[in-house]
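The listed protein sequences derive, respectively, from chains A and B.
The first sequence finishes on residue 324 if you use numbering that gives the first Met the number 0, and the numbering steps up by one all the way, no holes.
The second sequence finishes on residue 324 if you use numbering that gives the first Met the number 0, and the numbering steps up by one all the way, no holes.
Using N, Cα and C, we set each Cβ at its ideal position, and we do this for glycine too.
For reference, the structure discussed in these notes is given below.
Number of protein chains: 2
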Amino acid sequence: MEFRLIDRIRERTAQGREDVKLGIGDDAAVVAPPAGQELAIAIDTMVEGVHFPHGTAAADIGWKSLAVNLSDLAAMGASPAWALLALSLPVQRAEQLGAFIDGYADGFAQLAQPHRLALIGGDTTRGALTISVAVHGFVPPGKALTRSGARAGDVVLVTGTLGDAAAGLQLLRRGARVDEGDGRATYLIERLHRPTPRLSTGLALRDRASACIDVSDGLLADLGHICEESGLGAEIETELLPRSSMLMASFDEVSVRDFALAGGDDYELCFTVPAALVAEVQSDLARLGCGATRIGRMVEGAGVRVRDAQGQWLEAAQRGWDHFA
Amino acid sequence: MEFRLIDRIRERTAQGREDVKLGIGDDAAVVAPPAGQELAIAIDTMVEGVHFPHGTAAADIGWKSLAVNLSDLAAMGASPAWALLALSLPVQRAEQLGAFIDGYADGFAQLAQPHRLALIGGDTTRGALTISVAVHGFVPPGKALTRSGARAGDVVLVTGTLGDAAAGLQLLRRGARVDEGDGRATYLIERLHRPTPRLSTGLALRDRASACIDVSDGLLADLGHICEESGLGAEIETELLPRSSMLMASFDEVSVRDFALAGGDDYELCFTVPAALVAEVQSDLARLGCGATRIGRMVEGAGVRVRDAQGQWLEAAQRGWDHFA
């Protein structure tokens with residue numbers, strides 16, 4: 000059965016790549032890495048009821064389980080190539096299992112195909128619904144973006160808008176449905192289920208960003224990682240945080256601010272750039288579609304400090320959610 | 000918390016490799032693949048209660064979760080280099096969590112270090128106890144061993160002995176304990192918990208084995224994959240199956256035969272070799288320690304047929320265990 004499930008996924012995610020010498024179906028896949036490139040490799044797990052709500056559509060799970068990993072490659076400035084999938088599924092009737100697998104594979108393929116990412120291997124087991132995806136991307140030697148290169152005075156920027164995914168999750172918990180005809184709920188829930196990894200932005204930041212991370216656990220937590228790894232602090236302004244009109248029309252001001260500061264699952268990139276390069280970088284990123292907004296700067300010290308519209312420093316009690324909380 | 004757990008694992012599994020440019024602690028690891036080599040990449044998942052019994056020691060889980068993956072590299076003739084770990088853990092008290100993590104990392108490191116395998120990345124989440132490990136190994140271009148190259152007339156061989164792990168699991172189910180002073184039970188249960196990936200054997204089989212697979216789901220099932228992928232059948236003789244004296248002293252003849260034919264979890268290599276090379280290959284493998292035994296041959300047709308000591312063909316009702324059975 001294992002073999003046939005993976006086979007079914009293989010059919011639906013077929014992607015020809017000359018560097019894949021042996022794909023799904025043997026003890027291991029065999030690939031030929033390109034000469035003169037380094038490999039960026041990431042693995043991320045999604046667990047039902049922890050990383051996505053019970054009842055999430057299989058295709059949304061397929062998309063998102065790949066998206067969160069591609070987002071890691073984006074944050075490194077790497078271009079994606081290959082993925083492996085480890086899928087644990089509860090025992091269920093064959094037709095349910097088949098429908099889940101087909102939906103999962105279709106959602107995965109919708110994101111994989113435009114990026115020419117090949118699914119080269121996998122494993123299916125029975126267990127609680129748990130999905131681990133490992134991805135591999137290429138980056139020129141020494142060019143990977145890291146969390147550790149920020150300098151005091153660098154400007155902090157973030158792509159897209161913040162807080163939409165957390166707001167979408169809140170709406171789902173209140174019983175909202177994506178198809179109920181409310182454009183705002185649809186937008187916010189789609190931002191939760193179908194995040195867009197900022198791959199082209201990541202490539203454009205090579206040689207220009209001094210540090211980069213993707214916003215998976217919330218801006219405060221993730222910018223906090225840049226601070227720790229760079230041995231610096233950061234100061235950001237709440238009024239500068241990019242927020243979608245859909246978010247602002249759906250929640251009160253304090254909720255919007257908290258979603259933008261501490262909500263997870265946005266998968267935008269947060270990065271630092273020397274002040275002299277900011278205008279050029281913003282102009283280039285705007286042409287790539289999602290744009291980037293300056294939200295603060297790196298300073299001597301430690302930790303992230305947040306200033307409100309009145310110039311008051313906020314108590315940053317909410318520091319993203321903890322996977323073991 | 001996620002960050003600190005992985006950090007704790009990092010400390011206990013430290014392994015210096017010059018080709019690891021960036022290890023655990025960023026959005027992705029960065030490695031420099033060696034020029035002129037292909038990469039073999041595998042991922043395997045272990046779920047508590049499915050792949051190992053409840054109550055299995057953390058260090059045994061750590062060892063085995065890596066061993067089953069290194070066994071996949073062995074079956075490809077690849078030499079191991081890097082691993083990533085995705086670990087889902089039930090919510091529990093901090094000290095329990097810490098003890099599990101430390102034990103897991105120690106068992107993992109015991110197997111990783113002699114092979115100079117570096118743990119380069121990971122993800123920890125809460126959920127049912129589920130461990131996915133992805134491994135990467137090197138193999139010269141075109142030299143990977145596959146399941147598909149066997150030819151009619153090739154001899155079928157297997158390393159080590161078969162059936163020990165399944166017998167060990169049976170003993171555990173009957174309430175046996177590894178420390179109860181019975182040397183046979185200890186041996187068989189250790190074979191279940193601490194399988195030895197046949198890496199040096201895999202390397203020695205390059206250019207000589209026509210097909211190779213590791214015995215994870217049982218000989219009949221796994222040799223069956225070689226048959227399917229090579230478009231052939233296989234005939235094996237029960238009296239030729241290598242069985243340990245510990246196994247033979249612990250169970251009746253029919254149980255021993257069934258464990259050897261259909262028991263999973265041995266992680267020996269089953270491979271095919273042209274008849275003219277068998278003596279040379281057996282002699283070389285004997286020097287590597289585990290040896291290899293000829294158990295039958297590849298024939299025109301399909302499927303695995305089994306002949307008993309009286310020359311009668313057996314009904315192969317037991318075809319390994321099914322992960323979704």
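Asked: Best match in B:Ile-42, B:Pro-113, B:Ser-78, B:Ala-166 for proximity to Leu-118 of chain A [C-alpha to C-alpha]; Found: B:Ile-42
Asked: In chain order, each alpha helix (DSSP H) run of at least 4 residues that lies wholly inside the stretch 207-281 of chain A; Found: 218-229, 244-249, 252-261
Asked: Boundaries (first-last residue) of the alpha helix (DSSP H) holding Leu-65 of chain A; Found: 57-75
Asked: Residue closest to Leu-219 of chain A, alpha-carbon to alpha-carbon, out of A:Cys-269, A:Leu-83, A:Leu-170; Found: A:Cys-269
Asked: Chain B within 8 Å of Glu-17 of chain A, Cβ atoms only; Found: no
Asked: Pair within 8 Å by beta-carbon distance, Arg-296 of chain B and Val-90 of chain B; Found: no
Asked: Cβ shell of Ala-73 of chain B (< 7 Å), same chain only, five flanking positions each side left out; Found: Pro-196, Arg-197, Leu-198, Thr-200, Gly-201, Asp-213, Leu-268
Asked: Supposed contact pair Met-75 of chain B and Ala-143 of chain B - C-beta distance, whole angstroms, cut 8 Å; Found: 5 Å
Asked: Cβ of Ser-64 of chain A within 8 Å of any chain B Cβ; Found: no
Asked: Proximal chain A residues relative to Ala-28 of chain B, where beta-carbon distance stays under 8 Å; Found: Ala-39, Ile-40, Ala-41
Asked: Start and end residues, alpha helix (DSSP H) containing Ala-192 of chain B; Found: It should be pointed out that residue 192 of chain B corresponds to His in this sequence rather than to Ala. Counting along the chain, the alpha helix (DSSP H) containing His-192 of chain B begins and ends at 182-192.
Asked: Beta-ladder partner(s) of Asp-153 of chain B, from DSSP; Found: Paired residues: none, contrary to the question.
Asked: 8 Å Cβ cutoff, Asp-213 of chain B in contact with chain A; Found: yes
Asked: Which of helix, strand or coil DSSP assigns to Arg-115 of chain B; Found: coil
Asked: Beta-bridge partners of Glu-47 of chain B, as assigned by DSSP; Found: B:Phe-51
Asked: Extent of the continuous beta strand (DSSP E) run through Thr-129 of chain B; Found: 129-138
Asked: Inter-residue spacing [alpha-carbon to alpha-carbon] between Arg-334 of chain A and Leu-65 of chain B; Found: No answer is possible for residue 334 of chain A: it lies beyond the span of chain A, which begins at 0 and ends at 324.
Asked: For Glu-238 of chain B and Asp-307 of chain B, the rounded distance between their alpha carbons; Found: 7 Å
Asked: Cβ-based burial, Asp-6 of chain B [other Cβ within 10 Å; buried from 16]; Found: exposed
Asked: Interfacial residues, the stretch 267-285 of chain A to chain E, with Cβ spacing under 8 Å; Found: No chain E appears in this structure, whose protein chains are A and B.
Asked: Contacts that Ile-119 of chain B makes with chain A (C-beta to C-beta distance below 8 Å); Found: Ile-40
Asked: Contacts that Thr-145 of chain B makes with chain A (C-beta to C-beta distance below 8 Å); Found: Leu-21, Asp-25
Asked: C-beta atoms of His-114 of chain A and Leu-69 of chain A nearer than 8 Å; Found: yes
Asked: Where the alpha helix (DSSP H) through Ser-203 of chain A begins and ends; Found: First, the amino acid is wrong: residue 203 of chain A is Ala here, not Ser. 198-204 is the extent of the alpha helix (DSSP H) around Ala-203 of chain A.
Asked: Coil, strand or helix - Leu-4 of chain A by DSSP; Found: helix
Asked: Heavy atom of the ligand ADP within 7 Å of Thr-44 of chain B beta-carbon; Found: The ligand ADP is not part of this structure, which contains no ligands at all.
Asked: Burial state of Pro-139 of chain A (16 or more Cβ within 10 Å); Found: exposed
Asked: Gln-194 of chain A, buried or exposed, once every other Cβ within 10 Å from all chains shown has been counted against 16; Found: Contrary to the premise, residue 194 of chain A reads as Pro rather than Gln in this sequence. Pro-194 of chain A comes out buried.
Asked: 9 Å Cβ cut-off: residues of chain B touching Ala-133 of chain A; Found: Ile-40, Ile-42, Leu-83, Ala-85, Gly-120, Ser-131, Ala-133
Asked: Residue of B:Ala-233, B:Phe-137, B:Leu-84, B:Gly-97 minimising C-alpha distance to Pro-32 of chain A; Found: B:Phe-137
Asked: For Gly-217 of chain A and Gly-262 of chain A, the rounded distance between their alpha carbons; Found: 5 Å
Asked: Under the three-state DSSP convention, the category Leu-21 of chain A falls into; Found: strand
Asked: Interface partners of Met-75 of chain B on chain A, CB under 8 Å; Found: Asp-25, Asp-26, Ala-27, Val-29
Asked: Interface flag, Arg-331 of chain A vs chain B, CB-CB below 8 Å; Found: Past the boundaries of the shown model lies residue 331 of chain A; chain A is included only from 0 to 324, so the question cannot be answered.
Asked: Distance between Ile-130 of chain B and Ala-233 of chain B (C-alpha atoms, nearest Å); Found: 34 Å
Asked: Chain A contact for Arg-207 of chain B (CB, 8 Å cutoff); Found: no
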